[in-house]
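Undergrad: To start, I am sharing the structure in question, which I have written as structure tokens.
2 protein chains.
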Amino acid sequence: MALTHAILSALIEKTCSGYDLAKRFDGSVGFFWRATHQQIYRELTKLEQAGLVSVKKVVQENRPDKKLYVVTENGQQFLTDWIAKPAKIAPVKDELLVKLFAGHLADRAAIAAELERHRLQHQNRLSEYREIEQCYFHTPHKLSQDNRFRYLTLRWGMRYEREWLAWCEEAIAFLQERFEP
Amino acid sequence: MALTHAILSALIEKTCSGYDLAKRFDGSVGFFWRATHQQIYRELTKLEQAGLVSVKKVVQENRPDKKLYVVTENGQQFLTDWIAKPAKIAPVKDELLVKLFAGHLADRAAIAAELERHRLQHQNRLSEYREIEQCYFHTPHKLSQDNRFRYLTLRWGMRYEREWLAWCEEAIAFLQERFEP
DNA sequence: TAACCCATGTAACCTGTTACATGATTAA
DNA sequence: TTAATCATGTAACAGGTTACATGGGTTA
Numbered sequence: 003m004a005l006t007h008a009i010l011s012a013l014i015e016k017t018c019s020g021y022d023l024a025k026r027f028d029g030s031v032g033f034f035w036r037a038t039h040q041q042i043y044r045e046l047t048k049l050e051q052a053g054l055v056s057v058k059k060v061v062q063e064n065r066p067d068k069k070l071y072v073v074t075e076n077g078q079q080f081l082t083d084w085i086a087k088p089a090k091i092a093p094v095k096d097e098l099l100v101k102l103f104a105g106h107l108a109d110r111a112a113i114a115a116e117l118e119r120h121r122l123q124h125q126n127r128l129s130e131y132r133e134i135e136q137c138y139f140h141t142p143h144k145l146s147q148d149n150r151f152r153y154l155t156l157r158w159g160m161r162y163e164r165e166w167l168a169w170c171e172e173a174i175a176f177l178q179e180r181f182e183p
Numbered sequence: 003m004a005l006t007h008a009i010l011s012a013l014i015e016k017t018c019s020g021y022d023l024a025k026r027f028d029g030s031v032g033f034f035w036r037a038t039h040q041q042i043y044r045e046l047t048k049l050e051q052a053g054l055v056s057v058k059k060v061v062q063e064n065r066p067d068k069k070l071y072v073v074t075e076n077g078q079q080f081l082t083d084w085i086a087k088p089a090k091i092a093p094v095k096d097e098l099l100v101k102l103f104a105g106h107l108a109d110r111a112a113i114a115a116e117l118e119r120h121r122l123q124h125q126n127r128l129s130e131y132r133e134i135e136q137c138y139f140h141t142p143h144k145l146s147q148d149n150r151f152r153y154l155t156l157r158w159g160m161r162y163e164r165e166w167l168a169w170c171e172e173a174i175a176f177l178q179e180r181f182e183p
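In order, the protein sequences belong to chains A and B. Take any residue in the first sequence, count from 1 to its spot, add 2: that is its number in the numbering used here. Take any residue in the second sequence, count from 1 to its spot, add 2: that is its number in the numbering used here.
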């Protein structure tokens, strides 16, 4: 179960509150592991009970108090051990591919439209990644060790999105072709 | 919820029993949507109640009776409608990327080993795909309409695995490099 | 004779999703 | 004054995982 680990990884990147974590899961680690705020709060409670994170109450003016979560030594060890443990490749779970698998049932134009919508979404995601690259990773050889690793994950993301784009284009072209019966 | 649709897609490709479906989910649609046999049996019961599939009892000699599931007209319409409905791109959920995100915590050799293990797994998956291509899709222009769509999904799979391989190699090379501090 | 395949299921549990709740502050 | 942001939570439900159960047939 990697939600635990995703949260620890995010907290190690930067200590913050549950609320902040939830927002950060829209980017950052969130690109590779999604979580809603309810999942996060639930998990943080467990992590605290297990002694993998500790909590600091921060009293604020003009806004609600918050709990800052800090990864403990135990927490860091727990993460480090996990990283070295052999794991299987992640299973693919993708609706669009299921749709194409039975694509002959539907109208060609409908499928082409759905492919085009996906193409655009992947293009947008790629643009996001490119902006992040420009912003934080424009000089790769000057990066700190931790950021070099994060840059690697970003590069995975860019490869992934570029490949999706290429495939969408291929699939759309396929739909436009005339085949012999 | 696409498990429903994945099952219908698989049944449309070929009518079979719950047991057979479970096995087929190790390949075929299963490459894009995983399911355990418990999930499948549970879902088939619901699909039958909803009238999207119908059941034929088949009495066998020397082995337990089985229930053949056939997609009904309603079921086919249900699937077809779903295919045309706009959907969002699938979120990525990948442990290895979470691991790399906090990669600086772990020993370099440990991470390199994990990357290598993943590289091998992706290579194996790619070989599987290539065999399927050789076996079923070696003459693309002679394929039936439905198989052309399935071939598209296979081509996605090959792109995906090739890109993973390339990235693993990049990441491993990165770990071997010497950087200035 | 032990282990595995065929075939279907129940039960308990863990994860993930959605909706609802609160209550103050700040920007449009 | 309406909506959004900050901050944390409860509750109910849907989806997914793991373990266990049964019972005959086949293979090593």
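Every residue, glycine too, gets a C-beta built ideally from N, C-alpha and C. Model, not experiment: these values are computed from the prediction.
1) Quick check on the DSSP output: the alpha helix (DSSP H) that includes K48 (chain B) runs from which residue to which?
2) Go ahead and pull the three-state DSSP assignment for S129 (chain A).
3) If I measure Cβ to Cβ from Y43 (chain A) and keep anything under 7 Å in the same chain, skipping five residues before and after, which residues do I get?
4) Roughly how many angstroms lie between the CA atoms of E50 (chain B) and E135 (chain B), to the nearest whole one?
5) Would you mind reading off the limits of the alpha helix (DSSP H) that contains L95 (chain B)?
6) By DSSP, does V31 (chain A) sit in helix, in strand, or in coil?
7) At which residues does the alpha helix (DSSP H) containing K25 (chain A) begin and terminate?
8) Any residues in the stretch 96-129 of chain B with a beta carbon nearer than 8 Å to a beta carbon of chain A? Which ones, in chain order?
9) Distance check for V57 (chain A) and Q40 (chain A), CA to CA, integer angstroms please.
10) So which residues on chain B does L81 (chain A) lean against when the C-beta distance must stay under 7 Å?
11) Might you give, ordered along the chain, the residues of its own chain that have their beta carbon closer than 8 Å to the beta carbon of M231 (chain A), omitting 5 neighbours on each side?
12) Along chain A, which residues have their Cβ under 7 Å away from the Cβ of Q147 (chain B)?
13) Taking DSSP as the reference, what is the three-state secondary structure of S11 (chain A)?
14) Starting from L154 (chain B) and walking both ways along the alpha helix (DSSP H), at which residues does that stretch end?
15) To which residues of the same chain is F181 (chain B) closer than 6 Å at the C-beta, ignoring the five residues directly before and after it?
16) Please list, in chain order, all residues of the same chain as I113 (chain B) whose beta carbon is under 8 Å from its beta carbon, the five residues on each side excluded.
17) Using the C-alpha atoms, what's the distance from C170 (chain B) back to K59 (chain B)?
18) Cutting at 6 Å between CB atoms, please list the residues of its own chain near L13 (chain B), excluding the five before and the five after it.
19) What separation, rounded to the nearest whole angstrom, lies between the Cα atoms of E118 (chain B) and A168 (chain B)?
20) Are the C-beta of T2 (chain A) and some C-beta of chain B separated by less than 9 Å?
21) Please list the partners that K257 (chain B) has in chain A, where partner means a Cβ-to-Cβ separation under 8 Å.
22) Which same chain residues, not among the five before or five after A173 (chain A), have their C-beta less than 8 Å away from its C-beta?
23) Report the rounded CA-to-CA distance for L5 (chain B) versus Y138 (chain A), giving the unit in angstroms.
24) Below 9 Å between beta carbons: does that hold for L107 (chain A) and T17 (chain B)?
25) Assign S11 (chain B) to one of two classes, buried (16 or more other C-beta atoms within 10 Å of its C-beta) or exposed (fewer than that).
26) Can you name the residues that DSSP bridges to L1 (chain B)?
27) Taking C-beta pairs closer than 9 Å, name the residues in chain B that H7 (chain A) reaches, listed in chain order.
28) Would you mind sorting G77 (chain A) into buried or exposed? The rule is 16 or more other CB atoms within 10 Å of its CB.
29) Rounded to whole angstroms, what's the CA-CA distance from Q85 (chain A) to L98 (chain B)? Just pull it up for me.
30) Expressed to the nearest angstrom, what Euclidean distance is found between the alpha-carbon atoms of L54 (chain A) and Q147 (chain B)?
31) Could you have a look at K16 (chain A) and say whether DSSP puts it in helix, strand or coil?
32) Thinking C-alpha only, which one of B:K90, B:V61, B:E179 and B:I9 is nearest F151 (chain A)?
33) Could you check whether the Cβ of D26 (chain B) sits closer than 9 Å to any Cβ belonging to chain A?
34) Mind reading off the beta-carbon distance from K95 (chain B) to A111 (chain A)? Whole number of angstroms is fine, and I expect it under 8 Å.
35) Where W166 (chain A) and Q123 (chain B) are concerned, what is the direct C-alpha to C-alpha distance, given to the nearest angstrom?
36) Tell me the residue span of the alpha helix (DSSP H) that contains W81 (chain A).
TA: The relevant details are as follows:
1) H39 to Q51
2) helix
3) G20
4) 34 Å
5) Sequence check: residue 95 (chain B) is Lys here, not Leu. Unbroken run through K95 (chain B): none, as it is neither H nor E.
6) helix
7) G20 to R26
8) D96, E97, L98, L99, V100, K101, L102, F103, A104, G105, H106, L107, A108, D109, A112, I113, A115, E116, R119, H120, Q123, H124 and R127
9) 18 Å
10) A104 and L107
11) The first residue shown for chain A is 3 and the last is 183, placing residue 231 (chain A) beyond what the model contains.
12) H106
13) helix
14) Q147 to Q178
15) Since pLDDT at F181 (chain B) reaches only 49, below the 50 mark, its modelled position is unreliable, and no value is offered.
16) K101, L102, G105 and L177
17) 49 Å
18) Y71 and V73
19) 12 Å
20) Past the boundaries of the shown model lies residue 2 (chain A); chain A is included only from 3 to 183, so the question cannot be answered.
21) Any answer about residue 257 (chain B) is impossible in this case: the structure gives chain B only from 3 up to 183.
22) The answer, listed in chain order, is L102 and L117.
23) 39 Å
24) No. Outside cutoff.
25) buried
26) In the structure as shown, chain B begins at 3 and stops at 183. Residue 1 (chain B) is therefore absent and cannot be evaluated.
27) E97, V100, K101 and A104
28) By the neighbour-count rule (16 or more Cβ atoms within 10 Å), G77 (chain A) is buried.
29) Gln is not the amino acid found at residue 85 (chain A); the sequence shown has Ile there. If you take the alpha carbons of I85 (chain A) and L98 (chain B), they lie about 8 Å apart.
30) 54 Å
31) If DSSP states are grouped into helix, strand and coil, K16 (chain A) belongs with coil.
32) B:E179
33) First, the residue type needs correcting, since residue 26 (chain B) is Arg and not Asp in the sequence shown. The beta carbon of R26 (chain B) sits no closer than 9 Å to any beta carbon of chain A.
34) Between A111 (chain A) and K95 (chain B) the Cβ distance is about 32 Å, and since that is not below 8 Å, they are no contact.
35) 21 Å
36) Here residue 81 (chain A) is Leu; the residue named in the question, Trp, does not match the sequence. It spans E75 to A86 - the alpha helix (DSSP H) in which L81 (chain A) sits, taken as one unbroken run.
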